[in-house]
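Engineer: My questions all concern the structure below.
Number of protein chains: 4
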Amino acid sequence: MQDLVFEQEIAGRIELYDISPEDAETNAVIGNALVSRHKRGQWTFHAKASLEDALSGSDVVFVSILPGDFEDMAVDVHAPEAYGIYQSVGDSVGAGGLIRALRTIPQFRVIARAVEHCAPDAWVINYTNPMSISTRTLYKEFPRIKAAGCCHEVFNTQKLLATVLELAGCAPEGSIAREEIHTRVLGINHFTWIDRASWKDLDIFPYYKQFAARYAEEGFRDAPPATTFATGGAGAEDPEEAARRRFFSSAERVKMDLFRRYGLIAAAGDRHLAEFCPHAWYLANPEQVEAWGYALTPVSWRIANQNALKERAKVYREGRATMKAAVSGEEGLAIVKALMGQGTLISNVNLPNQGQMPDMPRDAVVETNAVFLRDRIEPLAAGELPVDLRALVTHHVLAQEGIIEAVFEQDREKAFRVFSQDLAVQTLSLRDARALFDHMCAKTLRNGAGGPFRAG
Amino acid sequence: MQDLVFEQEIAGRIELYDISPEDAETNAVIGNALVSRHKRGQWTFHAKASLEDALSGSDVVFVSILPGDFEDMAVDVHAPEAYGIYQSVGDSVGAGGLIRALRTIPQFRVIARAVEHCAPDAWVINYTNPMSISTRTLYKEFPRIKAAGCCHEVFNTQKLLATVLELAGCAPEGSIAREEIHTRVLGINHFTWIDRASWKDLDIFPYYKQFAARYAEEGFRDAPPATTFATGGAGAEDPEEAARRRFFSSAERVKMDLFRRYGLIAAAGDRHLAEFCPHAWYLANPEQVEAWGYALTPVSWRIANQNALKERAKVYREGRATMKAAVSGEEGLAIVKALMGQGTLISNVNLPNQGQMPDMPRDAVVETNAVFLRDRIEPLAAGELPVDLRALVTHHVLAQEGIIEAVFEQDREKAFRVFSQDLAVQTLSLRDARALFDHMCAKTLRNGAGGPFRAG
Amino acid sequence: MQDLVFEQEIAGRIELYDISPEDAETNAVIGNALVSRHKRGQWTFHAKASLEDALSGSDVVFVSILPGDFEDMAVDVHAPEAYGIYQSVGDSVGAGGLIRALRTIPQFRVIARAVEHCAPDAWVINYTNPMSISTRTLYKEFPRIKAAGCCHEVFNTQKLLATVLELAGCAPEGSIAREEIHTRVLGINHFTWIDRASWKDLDIFPYYKQFAARYAEEGFRDAPPATTFATGGAGAEDPEEAARRRFFSSAERVKMDLFRRYGLIAAAGDRHLAEFCPHAWYLANPEQVEAWGYALTPVSWRIANQNALKERAKVYREGRATMKAAVSGEEGLAIVKALMGQGTLISNVNLPNQGQMPDMPRDAVVETNAVFLRDRIEPLAAGELPVDLRALVTHHVLAQEGIIEAVFEQDREKAFRVFSQDLAVQTLSLRDARALFDHMCAKTLRNGAGGPFRAG
Amino acid sequence: MQDLVFEQEIAGRIELYDISPEDAETNAVIGNALVSRHKRGQWTFHAKASLEDALSGSDVVFVSILPGDFEDMAVDVHAPEAYGIYQSVGDSVGAGGLIRALRTIPQFRVIARAVEHCAPDAWVINYTNPMSISTRTLYKEFPRIKAAGCCHEVFNTQKLLATVLELAGCAPEGSIAREEIHTRVLGINHFTWIDRASWKDLDIFPYYKQFAARYAEEGFRDAPPATTFATGGAGAEDPEEAARRRFFSSAERVKMDLFRRYGLIAAAGDRHLAEFCPHAWYLANPEQVEAWGYALTPVSWRIANQNALKERAKVYREGRATMKAAVSGEEGLAIVKALMGQGTLISNVNLPNQGQMPDMPRDAVVETNAVFLRDRIEPLAAGELPVDLRALVTHHVLAQEGIIEAVFEQDREKAFRVFSQDLAVQTLSLRDARALFDHMCAKTLRNGAGGPFRAG
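See the structure below:
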């Protein structure tokens, strides 16, 4: 929303759909107030009562949903703790990510069918986790869809690489924009790798190697927090912000450890990376997590944060305060502009594998660079991962494919098999794995219409 | 050897090479005595002092070696127990299999080069474990080699299926030969799967389903022991035989459990199957192994058994006793005959993937059926594994490829990375994994010439 | 039919459907008379009024149709002659084969849908030309179909190879059965290649090389006629038989010329092979055809022959003569028995590419060996063609895929593009190619319902 | 050379190697004079006596050679005319292109080995025809080479598309730079296709369709000449320039005809496109060529032009005239800058297929877009060609692979087989094809050392 205020070249109409009509309405009010205050009348916001209404006539569709609610997510993240399985995020992979997928896939099938009927030529930009699974679902349900999954995790790594160069004296502090850091990206969302990186005529790898040699043990705390979005204030950090920093920032130790062992730069926050590795490495227990310099994000914090955000939205809606506009650092608007023919963008994106990663299964959703142009997103050939990382990535790619098949085939036992083979769950006995699966399903899945499996 | 006695159609000269010249000589003496006693003068045995001598002029080469000695194998199998990792065999996969691979690969490179120079058109029939890795090494070192890996594990499963039919009343007990059981085989050695099975016009799957329903919990002890070879005696079982039964037979519970969960018939002994699965399932600790109805084979038993065999060989060599000839049930001779143009054989075999398993990496050594004909072994297209089993098999295929690359590239750190990602080892912290790897390497690898890694 | 008389192991009910109900009835009468005369009451024949009736309850379905009638075929074969394009058969490939495909594909879509609805688990054995196109259509319309295309051309080449060995003195004349000749087969129907061939322990290639050196120029006329089916009589050849010999036999010169240039044994009749090669090689004009020792089969002969066959059928039906039973040499019954679980058969067959020819597009229908077993036909990995032959085969594979796409997409212009790129048609100017295409379509295609393209 | 004068950001040393040392020296003198006159002392030119000397220490290597001399090329182009085969260029494909390849491949093997030994990390930018074959040879000889083939034909098509938009009134005449035309490029060099094209927010295809409807019959002569390089003068056209226009310009009728039939935009000059199609379409005889609005380039013109260029070089070298510097429109310098880390470039380029065209054989050299960055050229996934164009492109790809194999394997008969299957040559009888092949080889190939085949 805020980026639109600063946009000069394109204009449009934004239709909002939310399963809570009131939230859609609130957002429309806030959006319209914001643009009118900044004299950007070319943008208007409209809340819509149905998905079909919102989609019809669209050129670009953004999807960002929470599959289920935070109580479901509390089960995703915390229920496995009873079995010794800790998760730092629990939304992409692992026990939590797979159960969340069981809620996500049916919803994305609905969305894909709605796009097919109401806006088959629109671009669908997806920001929902689990990213690979939700994007793959769109294509599996409606193969001609034009969809892409976008995520800012690689951007944060690019910012870190800029900092690395600045620390090494290649440029003054804060002078390198992350867009100047050219990285070759390959892998899957939240477990993405960089095997080439340059800034101008410099190869970044030797600098990163020095950096890791220096900081791998003690950690690097000056790195920017894992997400800088919505960080508004300055001065003395308010408690809300302190909590956010605590749960989202990291000492980059996981990233550096992976680099020292594998030689490639892992391009996601440590919280995510840890979940895609064998859990004994970085997630064995809370003490180990702390020792590695990152944090388990409790869902209780998310609930509190959501309440605060809702409260603030209410304040904005009622005009008791005005929202400040600031450039977000997200690329959503740049993508829209490129797709509309305004400029060319090269960035990382999640797309079905059509040859960009020849060592991954065809049609699996992989994350690589792509060129964004008028009505086109074309991935760059990214080469192959070394065999050891290929093994780790393939584990997750096949789990993602498996959980999607399980829902499409309404096969609860297949879902359990995939769950039981998960890196973390496979440390449990079959009996415990079954008990955990049954518990998580019972707590978070609505069977019958809209649920992943037929009742019975 | 024994099969030759009964062979009527072909004849030949057998040259024996062993790193122990004395053992080769012993075997030659025994072999010649055996065939002369049975008036099979068309076969002669000759001990050879060098690999090159033995290979030159050969049409078919059999390779069956123990990489290293049983003290090394004791480290393979038992060293990980200190870290809670139990292994039932430890020769194909897992911590033990991978370290054994580090000893095997350099030896098979030597063999491949010797074949290239001395017998480039000969067929190489490999019986060595780790089977997939050793066979793949032959092709990687000498891509034009004509090599195949053979193993009897699938045969035992075919025997079990015959028993299943007999128990169901389809045929009188003992009346179905295992060769009549037609199975479609796909996967990798010791983790091979059957997704189609028939006898005459019967589909075996419904019968196996009933069988598993009946016996999955209590186990099926009347099944033939996992290996029947060399089981000579009758009457009261001698202690040696009792130990063998104890360590090699199983209640087939692992196999039936896998069937009940995955719907395919696992075609190897439970001891092998367990090692290819997450270790929490069947190998968490000795008690769990016992509960599942199979056994951990202690290397001490192998050492004792080897001593007994050597003693018996000495007896045979010195003429103090005569070896009895019995048909072995192995297919080695049938394969030789087919390759020589005597009949056509369809059987399972380990070969580089040239399309027979389109969901596995090209050139990985996979186990499927093949047709054996004059100078040809042609694999049958075996289709794809279901995505969940594909994930388990792919884990091992990439580990196998990774450990081979590590040796070819002399990259000890890559070997460690592969080791650390192993299904069982990945339950350890990185520190423990490193300690275990270093210990096992130090105990069993000779660096420098002939070792997998350069000294230093 | 005749083979059934000699069959001892299986029995069944044969339902006949023909677009001419009278013909179906005639065949049923003849069939029942034949089996009752030979006391084979276990087989019964029944004419059915609809395709659906005939299919319902079937285990195995045989499809052998003439797409259109012989007047259409006269256009296929002879219309291009006005433009200097001669065709020896005109039913598989080239201008005639592609136009015939436009009639065939819609009919096979109907058959595939009928199988899907009435007998989805039945095996469909297809004997219709164009073989590759009609078999591929079945799978494209109903992907789960169990269909295979069978053809005896390779058998004739195997007979020739037996003769080659007998001529070389390897065995007495007539002593080698074609089933003893083991060939590795790869390519597409009627343009199939043998790159390995053996009989017992002999490699046939050196003998074939000598044979070609001896006969390539003068031709080899003692070879069996290209088809021996239905050749009944002995003694002085009757005129009908003489005409058949004239149009179907060859001097094998095309086959030998291809061998001398490419080093592989072409495994189809010269009449077919010539059509798959650049037409300037063997089909430039009738004189060149004669010089190469084979013949252009005029459709007028086919019409006369059909009339004679119908007349003979009438005679049989009315009991004025009795049909003699003789073993046909076709494999249809052996295939049925293998699929029913009676024995194992290895033979060549046309199946979608699932890895058996890794250098051909996935799903293209290719001809290789396969193993036939209870409810299974599993192709053998056949390796790759040399790059020059791969180019020729790929030309036809892509034309086949293109003409099928054109019909499925109702795209007449795509059909023309494929036609215009055909090896023979591409020697015409675009204007002539268009005129020929329009003429052939106008004469042989019924648009609208059942036709390949929408009226328009 | 001329572009360097205007270059501000990079500097360097240019070493020239030519099989004629005098020509290298001449070029060095001219280059140094040019840069010193323009005060660009940061660039220096040096003639080198050996390839190894020139390569050592290089960061970027440009290769642009004439394989053989113009007398050889006269044979390539004109010898087939005796058999009715006309060629408009004769350097990439067809009879002339394949024979030229037999001279090119051995030279590029030498170059690849020299790069391997003297500059293994340098980028090799290749401008030599046959482009696909010479670039593929570099990779086949030295697989780790960093090489790319560059060609300006697509640029000319982009210029045409700019003109199309200007004619349609989308922008003032001459206002659209070709770099603003975004095309998706796929295919092979000189037979390259555009399936997506946009300018800002406009889809160019509808405009091009109108353009083709308007001009397909009469031709479009205002299009820029097929090559604008070195066209210096203004005012009354001099005879030299008139000849050039006559032989290189076209009415774009071939391009428009292909568009009207296939729906994709062919992205090369008509002279090239015609040669990649069946010759009866556009190259049946000189009259047809003229009717289609383009020309056969006689080698006599090339010889005269070369003499004129050499004369002019002499004049420059002796200081009797000064070379004028003008921006060339070629991208060589922009590529160098991007590879050195100065900016990012997206352009079309010839690279081994690593997934960018999944319907073409792996490792075949294909032409698609790529991103040029510091030390990287990464192709964009370009999707698949429609099946009809795929057939035409595949024909040439396999011929290219075949002729390369023939030279690497020293197999003259394989070279003949590939030659005989060429689109134009396959219209000849085998006897004529053989005679033409033998004649062309005899006239242009030096056997023995450096020749493609062993003497004998």
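Chains as they are written, first to last, in the numbering used here: chain A, 144 to 599; chain B, 144 to 599; chain C, 144 to 599; chain D, 144 to 599.
The beta-carbon is built from N, C-alpha and C at its ideal position, and this holds for glycine as well.
Does the segment 494 to 514 of chain A come within contact of the segment 222 to 239 of chain A, defined as at least 3 CB pairs closer than 8 Å?
Structural biologist: Touching, no, given that fewer than three Cβ pairs across the two stretches are closer than 8 Å.
Engineer: Could you please tell me which residues of the segment 565 to 586 of chain B, in chain order, have their CB closer than 7 Å to any CB of chain A?
Structural biologist: Cβ contacts with chain A come from Q569, T570, L571, S572, L573.
Engineer: Are the CB atoms of R403/A and F213/A within a distance shorter than 8 Å?
Structural biologist: Residue mapping note: residue 213/A aligns to position 70 of the first sequence, counting from 1. Residue mapping note: residue 403/A aligns to position 260 of the first sequence, counting from 1. Contact flag unset, no.
Engineer: Quickly, what does DSSP pair E521/D with across the bridge? List them, please.
Structural biologist: Residue mapping note: residue 521/D aligns to position 378 of the fourth sequence, counting from 1. The partner list for E521/D (beta bridge, DSSP) reads V514/D.
Engineer: Between A477/B, D219/B, N496/B, which lies nearest to T487/B when the distance is taken from Cα to Cα?
Structural biologist: Position 344 of the second sequence, counting from 1, holds the residue named residue 487/B. Answer by Cα proximity: A477/B.
Engineer: Quick one: does W424/A have its CB under 8 Å from some CB of chain B?
Structural biologist: Position 281 of the first sequence holds residue 424/A. At least one chain B Cβ lies under 8 Å of W424/A.
Engineer: Counting contacts by CB-CB distance shorter than 8 Å, is E521/D in contact with chain A?
Structural biologist: Locating residue 521/D in the fourth sequence gives position 378, where the first residue counts as 1. True, the Cβ-Cβ gap to chain A drops below 8 Å.
Engineer: Alpha carbons only, please: which of Y226/D, T280/D, A222/D, M274/D is nearest the one belonging to P249/D?
Structural biologist: Counting from 1 along the fourth sequence, the entry for residue 249/D is found at position 106. Nearest of Y226/D, T280/D, A222/D, M274/D to P249/D, Cα basis: T280/D.
Engineer: Measure from the C-beta of E284/C to each C-beta in chain D and report whether the shortest distance is under 8 Å.
Structural biologist: For this step, residue 284/C is matched to residue 141 along the third sequence. E284/C does not count as touching chain D.
Engineer: Could you round the C-beta distance between D413/B and E433/B to whole angstroms and report it? I think they count as a contact, below 8 Å.
Structural biologist: What you label residue 413/B is simply residue 270 of the second sequence in a count that begins at 1. What you label residue 433/B is simply residue 290 of the second sequence in a count that begins at 1. At roughly 12 Å, the Cβ-Cβ gap does not stay under 8 Å, so D413/B and E433/B are not in contact.
Engineer: Please give the ranges of any alpha helix (DSSP H) in the segment 378 to 459 of chain B, keeping only runs that are unbroken, at least 4 residues long and fully inside the region.
Structural biologist: If we require 4 residues or more, the alpha helix (DSSP H) runs fully inside the segment 378 to 459 of chain B come out as 382 to 391, 396 to 405, 413 to 419, 422 to 425, 429 to 434.
Engineer: Alpha carbon to alpha carbon, how far is K457/D from L535/D?
Structural biologist: Residue mapping note: residue 457/D aligns to position 314 of the fourth sequence, counting from 1. Residue mapping note: residue 535/D aligns to position 392 of the fourth sequence, counting from 1. The alpha-carbon atoms of K457/D and L535/D are separated by roughly 44 Å.
Engineer: When the distance is taken between beta carbons, is F562/B closer than 8 Å to F580/B?
Structural biologist: Sequence index remark: in the second sequence, residue 580/B carries index 437 (1-based). Sequence index remark: in the second sequence, residue 562/B carries index 419 (1-based). For F580/B and F562/B, yes; Cβs fall inside 8 Å.
Engineer: Determine which residues share a DSSP beta bridge with K467/B and list them.
Structural biologist: To locate residue 467/B, count along the second sequence from 1; it is residue 324. K467/B is not bridged to any residue.
Engineer: Alpha carbon to alpha carbon, how far is G406/C from L528/C?
Structural biologist: As a working mapping, residue 406/C is identified with position 263 in the third sequence. As a working mapping, residue 528/C is identified with position 385 in the third sequence. For G406/C and L528/C, the distance between alpha carbons rounds to 11 Å.
Engineer: Give every residue of the same chain whose Cβ lies closer than 7 Å to the Cβ of P501/B, excluding the five residues on either side of it in the sequence, and list them in chain order.
Structural biologist: Against the second sequence, residue 501/B aligns to sequence position 358. Correct list, in chain order: E527.
Engineer: CB T278/B to CB A262/B, shorter than 8 Å?
Structural biologist: Within the second sequence, residue 278/B is the residue found at index 135, counting from 1. Within the second sequence, residue 262/B is the residue found at index 119, counting from 1. Contact: no.
Engineer: Relative to the alpha-carbon of P522/B, which residue among L494/B, F348/B, A314/B, I546/B has its alpha-carbon at the smallest distance?
Structural biologist: The sequence position of residue 522/B within the second sequence is 379, counting from 1. That would be L494/B, whose Cα lies nearest to the Cα of P522/B.
Engineer: Let me see if you follow: with CB-CB separation under 8 Å, is V530/A close to chain B or not?
Structural biologist: Position 387 of the first sequence, counted from the first residue, corresponds to residue 530/A. True, the Cβ-Cβ gap to chain B drops below 8 Å.
Engineer: So with CB distances below 7 Å, who are the chain D contacts of H538/C?
Structural biologist: Here residue 538/C is taken as the residue at index 395 of the third sequence, counted from 1. Those within 7 Å of H538/C in chain D are A534, H538.
Engineer: Which residue's Cα is closest to the Cα of A190/A: L566/A, V178/A, P164/A?
Structural biologist: Your numbering for residue 190/A matches position 47 in the first sequence. Nearest of L566/A, V178/A, P164/A to A190/A, Cα basis: P164/A.
Engineer: Name the residue from G545/D, A524/D, T570/D, I153/D whose alpha carbon lies nearest to the alpha carbon of A423/C.
Structural biologist: Along the third sequence, read from residue 1 onward, the residue named residue 423/C stands at position 280. Per the Cα distances, T570/D.
Engineer: Straight-line CA distance for E544/D to A507/D?
Structural biologist: Mapped onto the fourth sequence, residue 544/D falls at position 401. Mapped onto the fourth sequence, residue 507/D falls at position 364. Computed Cα separation, rounded: 7 Å.
Engineer: Quick check on the DSSP output: what are the complete beta strand (DSSP E) runs of length 3 or more inside the segment 266 to 347 of chain D, in order along the chain?
Structural biologist: For the segment 266 to 347 of chain D, whole beta strand (DSSP E) runs of length 3 or above, ordered along the chain, are 266 to 269, 289 to 292, 324 to 331, 334 to 342.
Engineer: To the nearest angstrom, how far is the alpha carbon of Q497/B from that of A524/C?
Structural biologist: If you number the second sequence from 1, residue 497/B lands on position 354. If you number the third sequence from 1, residue 524/C lands on position 381. Q497/B and A524/C: Cα-Cα distance of roughly 7 Å.
Engineer: Identify the residues that DSSP records as bridge partners of N493/D: which are they?
Structural biologist: Residue 493/D sits at position 350 when you count from the first residue of the fourth sequence. DSSP lists G292/D, E510/D as partners of N493/D.
Engineer: If you reduce the DSSP assignment to three classes, tell me which class I228/C lands in.
Structural biologist: Along the third sequence, read from residue 1 onward, the residue named residue 228/C stands at position 85. Here I228/C sits in coil by DSSP.
Engineer: Between P421/B and chain A, is any beta-carbon pair separated by less than 8 Å?
Structural biologist: Taking the second sequence and counting its residues from 1, one reaches residue 421/B at position 278. With 8 Å as the cut-off, P421/B counts as an interface residue toward chain A.
Engineer: Taking all protein chains shown into account, do 16 or more other C-beta atoms lie within 10 angstroms of the C-beta of T271/C, making it buried, or fewer, making it exposed?
Structural biologist: Here residue 271/C refers to the residue found at position 128 when the third sequence is read from its first residue. It counts as buried.
Engineer: Are the CB atoms of Y437/B and V397/B nearer to each other than 8 Å?
Structural biologist: Taking the first residue of the second sequence as position 1, residue 437/B is located at position 294. Taking the first residue of the second sequence as position 1, residue 397/B is located at position 254. Cβ distance < 8 Å, so Y437/B and V397/B count as in contact.
Engineer: Output the distance between the C-alpha atoms of E224/D and G475/D, rounded to the nearest integer angstrom.
Structural biologist: Along the fourth sequence, one-based indexing puts residue 224/D at 81. Along the fourth sequence, one-based indexing puts residue 475/D at 332. Approximately 36 Å between the Cα atoms of the pair.
Engineer: Please state whether DSSP places R597/B in a helix, a strand or coil.
Structural biologist: Position 454 of the second sequence, counting from 1, holds the residue named residue 597/B. If DSSP states are grouped into helix, strand and coil, R597/B belongs with coil.
Engineer: For Q449/C, collect the residues of the same chain with a Cβ closer than 8 Å to its Cβ; drop the 5 residues on either side in sequence, then sort them by chain order.
Structural biologist: As a working mapping, residue 449/C is identified with position 306 in the third sequence. Taken in chain order, the residues that qualify are F213.
Engineer: Are three or more beta carbon pairs between the segment 180 to 199 of chain D and the segment 146 to 160 of chain D nearer than 8 Å?
Structural biologist: Yes: at least three Cβ pairs fall under 8 Å.
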